[in-house]
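Before any comments, here is the structure.
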Amino acid sequence: MASTPLLTFKAGKCDFDSKKVKPIPTPGYIYLYVEDELTYFCWRPRSTPASSPELDLLMIPGDGSFTPYTGLNGAASSENLKSPTNGRIFVLKFSSSSAKHFFWMQSKPQYQDSRFSERDQVLGQIVDMLLSGEEVDVEEEVSQIMNQNGNNGSGPDRDGDDVMEDVQGTDIAPDHHREGSGGAGADATGGDPREEGEESRRGGEDGGRA
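Position 47 of the sequence shown, counting from 1, maps to 47 under UniProt numbering, and the rest follow consecutively.
Have a look at this one:
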């Protein structure tokens, strides 16, 4: 039986080596779904069907974290959270291994620099809470983001995001090929993963609320 994603939003993958994080320009989606009480973290190009993700990771509760990439000297304040690159990058990492996956937000940025908007941060917190094994009312959390976007005196789309396309559910066919556990521009560079450190996972400390 097909599974419906808990959350879907626009994001691209990044290449990285020992010194640089470089976003790949391919338009894509990050989405998470649950099957047999297990959570899967997926990424696919928007040009491919939801049944054919390029990345499909079975996530062990508490093993993975999804947090803004702020570098070694990143700001601690959520109001001024900024990536050391020239875009908004999140990192998926694991306590059980040194593996890391970097993703860049492909929704329109709120700021001219690489600061994470409140909406970016809330989406990241929702993903992080799901990966930690917490029970999350995703529909309610996303609804709060939408309500705040439309009720802060700045019009219905505070961040300039295409909200209806950026957060959505899509039916997933059951024939996933799984790989096991596991606002930058296309020319964005910078950010040394080696300086990232092994900081404790926040696990959605703000409750995923915008």
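Backbone N, C-alpha and C define an ideal beta-carbon position, used for all residues, glycine too.
Predicted, not measured: the structure shown is a model, and the values here were computed from it.
- Only exposed fits Ser96, as fewer than 16 other CB atoms lie within 10 angstroms of its CB.
- For Ile30, there is no enclosing alpha helix (DSSP H); the enclosing beta strand (DSSP E) has its first and last residue at 28-35.
- Contact annotation, Phe94 with Gly64: C-beta distance approximately 5 Å; criterion of less than 8 Å satisfied.
- Excluding five sequence positions before and after Arg46, the CB atoms of its chain that fall closer than 7 Å to its own CB belong to Pro27, Gly28, Tyr29, given in chain order.
- In the structure shown, Ile126 falls within a helical segment according to DSSP collapsed to helix, strand and coil.
- Going by beta carbons, Leu92 and Phe116 fall outside the 7 Å limit.
- DSSP, reduced to helix, strand and coil, places Leu55 within a strand of the structure shown.
- Inclusion of Trp104 and Gly87 in the CB contact set at 7 Å is warranted, their separation being smaller than that value.
- Assignment of Ile145 by DSSP, reduced to helix, strand and coil, places it in the helix class.
- Secondary structure of Arg115 (DSSP, three-state): strand.
- Per DSSP, Ile24 has no beta-bridge partner at all.
- Only residues of its own chain outside the window of five on either side were considered, and among them Leu58 have a CB closer than 7 Å to the CB of Leu38, listed in chain order.
- Around the CB of Asp128, 16 or more other CB atoms lie within 10 Å, so the residue is classed as buried.
- Here Ser3 carries a strand assignment [DSSP, helix/strand/coil].
- Annotated three-state conformation of Asp15 is strand, per DSSP.
- If you look at Val136, you'll find it isn't in any beta strand (DSSP E); DSSP assigns it neither H nor E.
- With fewer than 16 other beta carbons inside 10 angstroms of its own, Glu135 counts as exposed.
- Annotation: Ile126 to Val138 spans about 7 Å, alpha carbon to alpha carbon.
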